[in-house]
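Numbering (our numbering), first residue to last: 319 to 647. All C-beta atoms in this analysis are idealised placements derived from N, C-alpha and C, irrespective of residue type, glycine included. Scroll down for the structure; my scribbles are underneath it.
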């Protein structure tokens, strides 16, 4: 830009941040060229300002379709569900195809016509989401660390569960607590999550599974849905995870959500030369170990949800709706 002598000019430009977190606005570098354009002066000026970049929440595009399904489950459409632990909603006339176990015989005798109970998913359940911000969350999936996909999944699940009338608490931790949001709901919850999760960064330490178990047990006094958003680890460090999650599954409904690394499948399939064959064998070994961990978790009563980084958020939301429809919350 050209500034005439003794005058001022204002220039505006739009900068789109690529990473969440606290970003400094400066320094601002100014270069002034001489009249011939072959020499100039340059100086860097401090700008006393910061920009706070919140999580993108790109997975919000999946929220309307999941809310529509939730409304069906909640009885605002013709669909009514029945499952262990669901709440009684109302009585209606029996139609062919209804479960005979839903017939209310006492009301049927009084009215002289067959009446069945309708049910809706329980509300005001507890949902505790734990985000692993340790070593496994630092792995890059595409252009971003796994932690970003985990935060996206957290935001979508929290928005959905809050709209369902459930109470949502969120913890982010590795070998120490990094963030926690408790006791909020609705728009206040989403604002609090965005603020608290903005500064959470991956750390090259292991998730302290005994600490996680302790925090879960002190946070929950009754059966709840516990969602741990981490990653399956077949490198031999899976024993603490297996012990912790299968133990928690005795008292709670436990879900492990993991954003998959698509490169493993690509490496297993590539066998073009001798080097790629060795790499493929190593990838095959990793996948076999991961499958063994997955099967042991499921045998221990843990729900395992896996999807690529862009798909883990809607996959976890669908798992929540399935559990709610089955009366398992």
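Residue 433, DSSP secondary structure in three states: Reduced to three states, the DSSP call for residue 433 is strand.
Residue 351 - containing beta strand (DSSP E), residue span: Run containing residue 351: 346-351, per the beta strand (DSSP E) assignment.
Under the three-state DSSP convention, the category residue 327 falls into: Coil, per DSSP.
Same chain, Cβ closer than 6 Å to residue 321, neighbours up to 5 away in sequence not counted: Answer for residue 321: 327, listed in chain order.
The stretch 376-387 in contact with the stretch 468-478 per 3-pair CB rule at 8 Å: Short answer: they touch.
Close beta carbons around residue 433, own chain, < 6 Å, minus the five adjacent residues each side: Contacts found: 409, 422, 425, 426.
Proximity test, residue 451 beta-carbon vs the ligand GDP heavy atom, cut-off 7 Å: The ligand GDP is not among the ligands present in this structure, which contains no ligands whatsoever.
Sequence-distant residues of its chain with Cβ nearer than 6 Å to residue 499 (five each side left out): 488, 510, 511, 514, listed in sequence order.
Exposure label - residue 570; buried when at least 16 CB within 10 Å: With 16 or more neighbouring CB atoms inside 10 Å of its own CB, residue 570 falls in the buried class.
Among 346, 636, 625, 494, the one whose alpha carbon lies nearest that of residue 579: Residue 579 has its Cα closest to that of 625, out of 346, 636, 625, 494.
Backbone CA spacing between residue 502 and residue 614 [nearest angstrom]: Looking at the two C-alpha atoms, the distance is approximately 35 Å.
Residue span of the alpha helix (DSSP H) that contains residue 616, given as start and end: From DSSP, the alpha helix (DSSP H) with residue 616 extends over 592-617.
Nearest candidate by alpha-carbon position, reference residue 371, set 336, 364, 388, 362: When C-alpha distances from residue 371 are compared across 336, 364, 388, 362, the shortest belongs to 336.
As assigned by DSSP and simplified to three states, the class of residue 626: In the structure shown, residue 626 sits in a strand (DSSP, three-state: E or B).
Secondary structure of residue 358, DSSP reduced to three states: Residue 358 falls in the strand class under three-state DSSP.
Neighbour-count burial assignment, residue 415, 16 or more Cβ in a 10 Å radius: The residue in question, residue 415, is exposed, as its Cβ has fewer than 16 Cβ neighbours within 10 Å.
Alpha carbon of residue 355 to alpha carbon of residue 349, nearest angstrom: Our two residues, residue 355 and residue 349, have alpha carbons roughly 11 Å apart in a direct line.
For residue 519, three-class secondary structure by DSSP: Of the three classes helix, strand and coil, the one that applies to residue 519 here is coil, per DSSP.
Residue 525, DSSP secondary structure in three states: Correct three-state label for residue 525: coil.
Strand pairing of residue 576, partner residues [DSSP]: Bridge partners of residue 576: 548, 624.
Backbone CA spacing between residue 642 and residue 559 [nearest angstrom]: If you take the alpha carbons of residue 642 and residue 559, they lie about 25 Å apart.
Alpha carbon of residue 638 to alpha carbon of residue 391, nearest angstrom: Pairing residue 638 with residue 391, the inter-Cα distance amounts to about 12 Å.
Distance CB(residue 636)-CB(residue 467) smaller than 8 Å: No, Cβ-Cβ distance for residue 636 and residue 467 is not below 8 Å.
Close Cβ partners of residue 445 (< 6 Å) along its chain, the five nearest in sequence each way excluded: For residue 445, where only same-chain residues beyond five positions count, the Cβ hits under 6 Å are 479, 484, 486, 543.
Integer Cβ distance of residue 532 from residue 574, believed to fall under 8 Å: About 18 Å separates the two Cβ atoms, so there is no contact after all.
Sequence-distant residues of its chain with Cβ nearer than 7 Å to residue 460 (five each side left out): Answer for residue 460: 627, listed in chain order.
Residue 387: first and last residue of the uninterrupted beta strand (DSSP E) it sits in: Not the beta strand (DSSP E): residue 387 falls in the alpha helix (DSSP H), residues 381-391.
Rounded separation between residue 561 and residue 450 - CA only: If you take the alpha carbons of residue 561 and residue 450, they lie about 16 Å apart.
Cβ shell of residue 442 (< 8 Å), same chain only, five flanking positions each side left out: If we look at residue 442 and ignore the five residues flanking it on each side, its Cβ neighbours are 483, 484, 485.
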